[in-house]
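Novice: Sharing a structure here in structure tokens format.
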Amino acid sequence: MTTAQSPGSPITMIDRVASLLQVFDGHPRLTLAQIARQADLPRSSAHRILQRLVELGWVERQGYQYRLGLRMFELGSKVVQRERLHQACLPFMYALHRSTGLTVHLSTLMSGEVLHLERIGDWPERGETWRPGGRQPAVHSAAGRAILAHLTEADWPDLTFPPPATVYGVRTRTQLRRDLERVRDRGGVAVDVQGCTAGIIAVAASIGPSGGSLRAALSLCGPAETMPVQEAGDAVRIAAMDVWYAASGLTRRTARVPAITRAC
């Protein structure tokens with residue numbers, strides 16, 4: 002048995018907003034009457050929704066006409082940029098995995114965590130946080146700290162400091178600041194020594210320029226007892242630079258990824 006939705010219910014309001022925004026597909030500017038008619042909404046409802054969308058920056062009003070606002074453009078650009086980045090990353094991730102034998106991750110900063118978008122390599126076999134879709138605290142993750150080192154502290158998201166897996170993990174904001182200084186001294190390469198998971202070392206480099214809106218990183222992980230930290234750091238830094246050039250449509254003479262004895 003289905004329950005009828007009242008006109009003011011959240012689902013009904015979402016449907017109304019969606020139908021209103023969809024009328025702009027193929028129509029750069031529309032009047033209130035045109036929007037109400039094409040969205041099949043009462044004129045008063047359309048006007049009320051449009052007023053709120055204008056306040057939020059989703060829609061702009063010019064005289065008697067409305068058009069999609071810069072906020073919509075900004076969000077859409079981020080989706081396009083993320084997809085372009087993902088496609089640009091894949092060849093470099095496969096090359097990095099082949100040349101190093103280590104597992105490669107593409108990750109992005111989501112609030113106080115990193116979200117793994119892609120993974121090339123089967124190790125570690127266990128541990129859901131290392132799989133695509135898995136999340137790890139940014140302060141413990143090499144990818145998270147590589148991204149944070151590229152941001153001013155004012156641009157940091159709300160960070161939490163859960164207990165690390167080992168004594169090597171970051172526990173306080175003061176420790177984090179010191180670690181990020183080391184990341185910058187290493188040319189943007191972050192190193193996590195078993196902070197996320199005991200027995201695993203990861204190195205990471207942020208993709209894109211400091212202060213950018215991308216907030217993504219490439220990382221390599223391997224067993225703590227055999228991980229070649231320096232060589233892996235050099236390799237991931239070069240690959241991250243190549244990815245940025247490829248995603249930006251720029252040309253760059255690709256540096257050779259250093260050969261590493263296979264560790265995984």
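In my numbering, the protein residues as written are 2 to 265. Ideal Cβ placement from N, Cα and C applies to all residues, glycine included. It should be emphasised that the depicted structure is a prediction, and the values quoted were computed from it without experimental measurement.
1) What runs of the beta strand (DSSP E), each 3 residues or longer, lie entirely inside the segment 185 to 215?
2) Could you tell me which residues DSSP puts in a beta bridge with Gly223?
3) Rounded to whole angstroms, what's the CA-CA distance from Leu51 to Val60? Just pull it up for me.
4) Taking the beta carbon of Tyr65 as the centre, do at least 16 other beta carbons fall within 10 Å, making it buried, or is it exposed?
5) Inspect the CB distances between the segment 87 to 107 and the segment 153 to 166 and report whether three or more fall short of 8 Å.
6) Buried or exposed: Tyr95, going by 16 or more other Cβ atoms within 10 Å of its Cβ?
7) Kindly indicate which residue of Glu126, Gly102, Arg136, Leu97 has the alpha-carbon position closest to the one of Thr109.
8) In terms of alpha-carbon separation, which member of Arg179, Leu33, Leu103, Glu154 lies closest to Glu232?
9) If you follow the alpha helix (DSSP H) that His48 is in, where does it begin and where does it stop?
10) If you compare alpha carbons, which of Gly250, Ala248, Met242 is closest to Leu1?
11) Apart from the five residues just before and just after Asp159, which ones in its own chain have a Cβ nearer than 6 Å to its Cβ?
12) Taking 7 Å as the cut-off, is the beta-carbon of Ala247 closer than that to any non-hydrogen atom of the ligand COA?
13) Evaluate Thr32 with the Cβ neighbour count: other Cβ atoms within 10 Å of its Cβ, from every protein chain shown; 16 or more gives buried, anything less gives exposed.
14) Measuring CB to CB, does Ala143 end up less than 8 Å from Ser220?
15) In this structure, how does DSSP classify Glu114 when only helix, strand and coil are distinguished?
16) Figure out for me which residue from Leu177, Gly196, Ile208, Ile201 has the closest Cα to the Cα of Gly188.
17) For Thr153, does the three-state DSSP call read helix, strand or coil?
18) If you draw a straight line from the C-alpha of Val24 to the C-alpha of Met73, how long is it?
19) Just to confirm my understanding: we take Ala37, look at its own chain, exclude 5 residues before and 5 after, and list those with CB closer than 6 Å. What are they?
20) Among Glu154, Gln39, Trp245, which residue has its Cα nearest to the Cα of Thr175?
Specialist: Quick look at the numbers:
1) 190 to 194, 201 to 208
2) What you label residue 223 is simply residue 222 of the sequence shown in a count that begins at 1. DSSP output for Gly223 lists Ile202 as bridge partner(s).
3) Taking the sequence shown and counting its residues from 1, one reaches residue 51 at position 50. Taking the sequence shown and counting its residues from 1, one reaches residue 60 at position 59. Looking at the two C-alpha atoms, the distance is approximately 7 Å.
4) On the sequence shown, position 64 is the one that residue 65 refers to. Result: exposed.
5) no
6) Here residue 95 is taken as the residue at index 94 of the sequence shown, counted from 1. Burial call: exposed.
7) For this step, residue 109 is matched to residue 108 along the sequence shown. Minimum Cα distance to Thr109 is reached at Arg136.
8) Looking up residue 232 in the sequence shown gives position 231. Checked all of Arg179, Leu33, Leu103, Glu154; the closest Cα to Glu232 is Leu103.
9) The sequence position of residue 48 within the sequence shown is 47, counting from 1. 44 to 57 is the span of the alpha helix (DSSP H), which, as asked, contains His48.
10) Because the chain in this structure spans residues 2 to 265, residue 1 falls outside the shown range and cannot be described.
11) Numbered from its first residue, the sequence shown carries residue 159 at position 158. Once the five neighbours on either side are set aside, the close Cβ partners of Asp159 are Gly113.
12) Absent from the structure shown: the ligand COA. Ligands present: none.
13) Residue mapping note: residue 32 aligns to position 31 of the sequence shown, counting from 1. Looking at its Cβ environment, which holds fewer than 16 other Cβ atoms inside 10 Å, Thr32 is exposed.
14) Position 142 of the sequence shown holds residue 143. Position 219 of the sequence shown holds residue 220. Yes; because the gap between Cβ atoms is below 8 Å, this pair is in contact.
15) Along the sequence shown, read from residue 1 onward, the residue named residue 114 stands at position 113. Strand.
16) Here residue 188 corresponds to residue number 187 of the sequence shown, with the count starting at 1. Ranking Leu177, Gly196, Ile208, Ile201 by Cα distance to Gly188 puts Ile208 first.
17) On the sequence shown, residue 153 is found 152 positions in, with the first residue counted as 1. Coil, per DSSP.
18) Locating residue 24 in the sequence shown gives position 23, counting from the first residue. Locating residue 73 in the sequence shown gives position 72, counting from the first residue. Roughly 14 Å between the two C-alpha positions.
19) Taking the sequence shown and counting its residues from 1, the one referred to as residue 37 is at position 36. Hits under 6 Å: Arg44, Ala47.
20) Position 174 of the sequence shown, counted from the start, is the residue given in the question as residue 175. When only C-alpha atoms are compared, the closest one is Glu154.
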